[in-house]
Amino acid sequence: MLNKRHLPSITALQCFEAVTRHLSFTRAAEELNLTQSAVSKQVAQLEELLQHLLFRRVRRRLQMTPAGDLYLVEVRKILTQVEMSTHYLRSYGGETEVLRVSTPSTFGARWLVPRLKGWRLRHPSIHLDLCNEQEADDLLQGRSDLAFYFGQGSRPGTECLKLFGEELVPVCAPGSLPETPLTDPTQLTDLVLLQNASRPQAWHDWFDSQGYQTEHSYHGPRFETFYMCIRAAQVGCGVALLPRFLVEEELADGKLVIPWQHAMPSTDAYYLAYPEHAAEVPKVRDFVKWMLEQIDSPDAV
């Protein structure tokens, strides 16, 4: 950890960033409502701290050095984050609580978000903050209040509420289907098997559950998320193996079809988890109650 004396001030970073845009200490000073000498001093102190020149004068014109170019990328990230964090906090009143919820991206967009309709009306003082960045210790480290995840219902130090299971079905664009009906599922390999990075065994297990084996079950373009797989299947890149509940809309609209009628139940399920010590925290308890109501509704999955 750097000593405080080795950390630049926000003012110094603002001065540096402004000078990079104007390539002029004078115009940067006018923008920041400071004197030209103050801006120049801030940048000089920054250069002394970094032990690198950030600007040089060439024929009376200011130019950035390679070190300045490199530092600018990081400084803009820092200033943007500070600005976002400030706006984020100012947008809430004193009686407002923030509930941080992490979720797998496609699950969040396809299943969770539609089930948040009405939450704001019932809980106006609880603002939801949804993110799809998931680490195993997010809950215990306090980075999230609740987390949706797919897997087994056991995480140390947390309460895990089972939501529902899933079944995997192959889907593709109608135009990808061969003219002759398939006679066995291994013929799907001719359509290109779209792979999901989080389920590398999926195609192998799907074929195996029907008593079939193919050397091509691991072959095909690999996508990080289910959403990417859905889009790839829609535009005719191949056939994807997906949880049926994530593609109900496309199947109903005819944008996707099931080329081989075999659904494989997953051994894992979707869970909602929260730290054991947070079970009686009102905002957590309210969200869990809301989710249980959504699960009990007729169109839960």
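Numbering-wise (full-length UniProt numbering), the sequence shown opens with residue 1 and increments by one. C-beta: ideal position from N, C-alpha, C; glycine also. Remember, it's a predicted structure, so these values are computed and weren't measured experimentally.
Pull up the distance between the alpha-carbon of residue i and that of residue j, whole angstroms please.
i      : j      : result
Met1   : Leu54  : Since pLDDT at Met1 reaches only 48, below the 50 mark, its modelled position is unreliable, and no value is offered.
Met13  : Leu46  : The sequence given here places Leu at residue 13; Met does not occur at that position. Distance between the alpha carbons of Leu13 and Leu46 is about 8 Å.
Thr65  : Ala269 : 54 Å
Gly94  : Leu72  : Reliability of the predicted coordinates at Gly94 is poor, the pLDDT of 48 falling under 50, and the value obtained from them is presented with this limitation in mind. Using only the alpha carbons, I get a separation of about 35 Å.
Leu121 : Gln141 : 30 Å
Thr225 : Gly108 : 12 Å
Tyr218 : Pro174 : 23 Å
Phe16  : Thr86  : 20 Å
Cys131 : Phe207 : 34 Å
Thr189 : Leu161 : 37 Å
Gly151 : Tyr271 : 8 Å
Val192 : Leu23  : 53 Å
His127 : Ser40  : 42 Å
Pro170 : Arg110 : 18 Å
Thr11  : Arg143 : 28 Å
Leu242 : Pro8   : 49 Å
Asp296 : Leu116 : 14 Å
Glu97  : Arg285 : 13 Å
Report buried or exposed for residue i, applying the criterion of at least 16 other Cβ atoms within 10 angstroms of its Cβ.
i      : result
Ala273 : buried
Gly254 : exposed
Tyr212 : exposed
Met196 : Note on identity: in this sequence residue 196 is Asn, with Met being the wrong assignment. With 16 or more other Cβ atoms within 10 Å, it is buried.
Val235 : exposed
Pro282 : exposed
Ala233 : buried
Pro275 : buried
Glu159 : buried
Glu293 : exposed
Arg231 : exposed
Gln201 : exposed
Phe148 : buried
Identify every residue that forms a DSSP beta bridge with residue i.
i      : result
Asn196 : Phe223
Ser102 : Cys131 and Ala147
Pro170 : Leu241
Glu97  : Ile126
Arg56  : Gln63
Lys162 : Tyr271
If distances are taken between C-alpha atoms only, which option among the options comes closest to residue i?
i      : options                           : result
Trp260 : Leu168, Leu130, His216 and Gln195 : Leu168
Glu31  : Met228, Ala18 and Leu23           : Ala18
Ser102 : Ser297, Leu292, Gln195 and Phe287 : Phe287
Pro156 : Pro282, Thr183 and Leu139         : Leu139
Pro185 : Leu292, Gly165, His204 and Arg199 : His204
Leu146 : Thr11, Glu48 and Ala279           : Ala279
Arg21  : Gln63, Val58 and Ile230           : Gln63
Arg61  : Gln42, Thr26, Glu74 and Gln51     : Thr26
Exercise for the section: Please specify which runs of the beta strand (DSSP E), each continuous and at least 3 residues long, are wholly inside the segment 256-283, giving them in chain order. Expected result: List check, beta strand (DSSP E) in window: 269-275.
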